[in-house]
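The opening residue of the sequence shown carries number 1 in the UniProt record's numbering; numbering runs sequentially from there. Virtual Cβ for every residue (Gly too), placed ideally from N, Cα, C.
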Amino acid sequence: MVFNQHTTLTHLLCAKIFAETHYVLATFKNLIDSHTSPHLVSWISILKSCITLNEDGSLDGVGHARFDGFYRNHHGHFLMGYYGNVDHTSILQVEILALLKGLSLCWQAGYHTLICY
């Protein structure tokens with residue numbers, strides 16, 4: 001592998017990454033241990049007439065964006081999903097696009113009462 005015009009063997013690079021990861025975890029162990037505690041997570045049921053839309057958008061750092069989302073019914077069962085790619089945009093634009101695409105597909109599928117996350 002080549003980084004900054006220097007060739008590095010893959011196994012040496014992996015060893016360096018592991019060492020750095022180990023160092024970071026050791027450094028922040030007390031902080032992590034003191035602020036996390038196990039807790040139960042459960043589905044919160046919604047009205048039978050509603051569906052839930054979960055959507056998200058992200059950037060890769062060079063201007064390419066991806067968005068996706070999915071729908072669940074009041075039991076939490078998957079109904080349908082969607083995804084897409086966009087070039088040269090901002091995070092705000094891709095988040096709005098993800099929501100717009102989700103709402104549009106929802107409306108076309110006949111779901112007119114929904115909760116968005």
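Task: GLY69 (DSSP reduced to helix, strand or coil) - done: Under the three-state reduction of DSSP output, GLY69 falls in the strand class.
Open item on the list: Along the chain, where does the alpha helix (DSSP H) containing VAL94 start, and where does it finish?
Closed with: Element bounds for VAL94: 91-108.
Task: Limits of the beta strand (DSSP E) - the one that THR52 falls within - done: 51-59 is the span of the beta strand (DSSP E), which, as asked, contains THR52.
- [ ] Please confirm whether LEU97 and PHE70 have their CB atoms less than 7 Å apart.
- [x] Against a cut-off of 7 Å, the Cβ pair of PHE70 and LEU97 comes out as no contact.
Task: Rounded C-alpha distance that separates ALA19 from GLY61 - done: When rounded, the distance between both Cα atoms is 26 Å.
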